[in-house]
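Trainee: For the sequence shown, the numbering used here gives the first residue as 111, with consecutive numbering after it.
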Amino acid sequence: MNSKAQKMELNDGHSIPVLGFGTYATEEHLKKKSMDSTKVAIDVGFRHIDCSHFYQNEEEVGQAIRSKIEDGTVKREDIFYTSKLWSTSHRPELVRPSLESSLRKLNLDYVDLYLIHFPVSLKPGDDILPQDEHGNLIFDTVDLCATWEAMEKCKDAGLAKSIGVSNFNRRQLEMILNKPGLKYKPVCNQVECHLYLNQSKLLDYCKMNDIILVAYGALGTQRYKTCVNEDTPVLLDDPVLCAIARKYKRTPALIALRYQLQRGIVVLAKSFNEERIRENMQAFDFQLASDDMKILDGLNRNFRYFPADMFNAHPSFPFFDEY
Numbered sequence: 111m112n113s114k115a116q117k118m119e120l121n122d123g124h125s126i127p128v129l130g131f132g133t134y135a136t137e138e139h140l141k142k143k144s145m146d147s148t149k150v151a152i153d154v155g156f157r158h159i160d161c162s163h164f165y166q167n168e169e170e171v172g173q174a175i176r177s178k179i180e181d182g183t184v185k186r187e188d189i190f191y192t193s194k195l196w197s198t199s200h201r202p203e204l205v206r207p208s209l210e211s212s213l214r215k216l217n218l219d220y221v222d223l224y225l226i227h228f229p230v231s232l233k234p235g236d237d238i239l240p241q242d243e244h245g246n247l248i249f250d251t252v253d254l255c256a257t258w259e260a261m262e263k264c265k266d267a268g269l270a271k272s273i274g275v276s277n278f279n280r281r282q283l284e285m286i287l288n289k290p291g292l293k294y295k296p297v298c299n300q301v302e303c304h305l306y307l308n309q310s311k312l313l314d315y316c317k318m319n320d321i322i323l324v325a326y327g328a329l330g331t332q333r334y335k336t337c338v339n340e341d342t343p344v345l346l347d348d349p350v351l352c353a354i355a356r357k358y359k360r361t362p363a364l365i366a367l368r369y370q371l372q373r374g375i376v377v378l379a380k381s382f383n384e385e386r387i388r389e390n391m392q393a394f395d396f397q398l399a400s401d402d403m404k405i406l407d408g409l410n411r412n413f414r415y416f417p418a419d420m421f422n423a424h425p426s427f428p429f430f431d432e433y
């Protein structure tokens, strides 16, 4: 199956490749790895690259994209690049400068998709996570509808082809959708979504409103020490998942990715390992039977690997709501 043809139409007429490559790198030594792995991802057929100002590696990811354009592997229009507005730039007057800063780092003229990364606003400034003397985050109060209007202007200016949100709950999506004078609906909501947090209610709500759900953390995580401890369930070791993987002669990771694709979800896969990056492209090579999809549905336990607890004192914290 030609992976490059696997796209879904967004509500603004643009298309998004259904399998994306995630580039989040927590530590400094991984920044260089994110450049190398992005090159590998493009070489093996990924055309959707997901990054963010918050990841602090847009320069490296941008270099990888440019090098693959320069060596003739792809043209710019073949790549679907997502960036995200960080919480320190929610004030409307900071939205465009923040996007322009990302574009400079990337050495690109536009992004294909620009998202509000998280609905909690932080104090503007150079610190990505501004803290007071007690180590508490310094929040800001911003009307996200005003932030959204600034996002719409970025689309009108051609700096972003499409605009959307990330980590929004239903109530926050409704707030944007019901905004007086809304010019563009969010094309997507990118959220943590995997077999242990299958987001079925949020998915239904998004489908009802022609908003695509994009899944991050689709394979769970064991990489980030801040997110896991010895009690954290290891998604890819789940016995039910592993049994289905054996049945299809695929890895548990491929089953977890395929599950999302068959639900009509755009899924992000992240790895710094060349073999696994190649393997993830095989998610297009097989289909899960509906009985097995139902069994996988049953693994949901509403468990978050990324609870974002440090933001939970802010009134816009999204994860207290059921969905």
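The beta-carbon is built from N, C-alpha and C at its ideal position, and this holds for glycine as well.
Answer with buried or exposed for V324, where buried requires no fewer than 16 other C-beta atoms within 10 angstroms of its C-beta.
Mentor: V324 is buried by the Cβ-count criterion.
Trainee: Can you check the stretch 352 to 418 for any beta strand (DSSP E) of at least 3 residues that lies completely inside it and give the ranges in chain order?
Mentor: 376 to 379, all fully within the stretch 352 to 418.
Trainee: Take E180 as the anchor and find which of S276, C316, N217 has the nearest alpha-carbon.
Mentor: The shortest Cα separation from E180 among S276, C316, N217 belongs to N217.
Trainee: Distance check for A423 and Q445, CA to CA, integer angstroms please.
Mentor: The structure shown does not extend to residue 445, since the chain spans only 111 to 433, so no value can be given for it.
Trainee: What are the partner residues of S125, as DSSP defines its beta bridges?
Mentor: Answer is E119, bridged to S125.
Trainee: Does I85 come out as helix, strand or coil in the three-state DSSP assignment?
Mentor: Residue 85 lies beyond the stretch modelled for the chain, which goes from 111 to 433, so this question has no answer here.
Trainee: Where does H244 land, buried or exposed, given buried means 16+ other C-beta within 10 angstroms?
Mentor: Its Cβ having fewer than 16 others within 10 Å, H244 is exposed.
Trainee: State the start and end residues of the unbroken alpha helix (DSSP H) segment that holds L254.
Mentor: Where L254 is concerned, the enclosing alpha helix (DSSP H) stretches over 254 to 266.
Trainee: By Cβ distance, which residues of its chain are closer than 7 Å to F427, with the 5 residues on each side in sequence left out?
Mentor: Excluding sequence neighbours, F427 sits near V230, F421.
Trainee: Please report how far the alpha carbon of N288 lies from the alpha carbon of K357, in whole angstroms.
Mentor: Going by the C-alpha atoms only, they are around 46 Å apart.
Trainee: What would DSSP say about D160, mapped onto helix, strand or coil?
Mentor: Residue state, collapsed to three classes: strand.
Trainee: Using 8 Å for Cβ pairs, my map puts Y224 next to E262. What's the rounded Cβ distance?
Mentor: No, Y224 and E262 are not in contact; Cβ-Cβ is about 11 Å, not under 8 Å.
Trainee: May I ask which residues mark the beginning and end of the alpha helix (DSSP H) holding V275?
Mentor: Note, V275: premise wrong, no alpha helix (DSSP H); beta strand (DSSP E) at 270 to 276.
Trainee: Can you list, in chain order, the residues of its chain with a C-beta nearer than 7 Å to that of T257? Leave out the 5 residues immediately preceding and following it.
Mentor: Excluding sequence neighbours, T257 sits near H200, P202, V205, I226.
Trainee: Give a yes or no on whether the C-beta atoms belonging to E169 and K142 are separated by under 8 Å.
Mentor: Cβ atoms of E169 and K142: not closer than 8 Å.
Trainee: Identify the residues that DSSP records as bridge partners of S199: which are they?
Mentor: Its beta-bridge partners do not exist; DSSP assigns none.
Trainee: Are the beta-carbon atoms belonging to G123 and H158 less than 8 Å from one another?
Mentor: Their beta carbons are not under 8 Å apart, which means G123 does not touch H158 by this criterion.
Trainee: Report yes if the C-beta distance between V350 and L409 is below 8 Å; otherwise report no.
Mentor: It is a contact, given that the beta carbons lie within the stated cut-off.
Trainee: Give the C-beta separation of R414 and L307 to the nearest angstrom, bearing in mind that I take them to be a contact with Cβ-Cβ under 8 Å.
Mentor: The Cβ separation is near 6 Å, so the contact holds.
Trainee: Measuring alpha carbon to alpha carbon, tell me which of R214, G155, W196 ends up nearest K185.
Mentor: Taking only the C-alpha atoms, the option nearest K185 is G155.
Trainee: Could you tell me the alpha carbon to alpha carbon distance between N246 and E137, rounded to whole angstroms?
Mentor: If I take the Cα positions, the gap works out to 22 Å.
Trainee: Helix, strand or coil, according to DSSP, for V184 in the structure here?
Mentor: In the structure shown, V184 sits in coil (DSSP, three-state: anything other than H, G, I, E or B).
Trainee: Going by DSSP in three states, V344 sits in which element: helix, strand or coil?
Mentor: DSSP places V344 in coil when its eight states are reduced to three.
Trainee: Helix, strand or coil for I286? Go by DSSP, reduced to three states.
Mentor: In the structure shown, I286 sits in a helix (DSSP, three-state: H, G or I).
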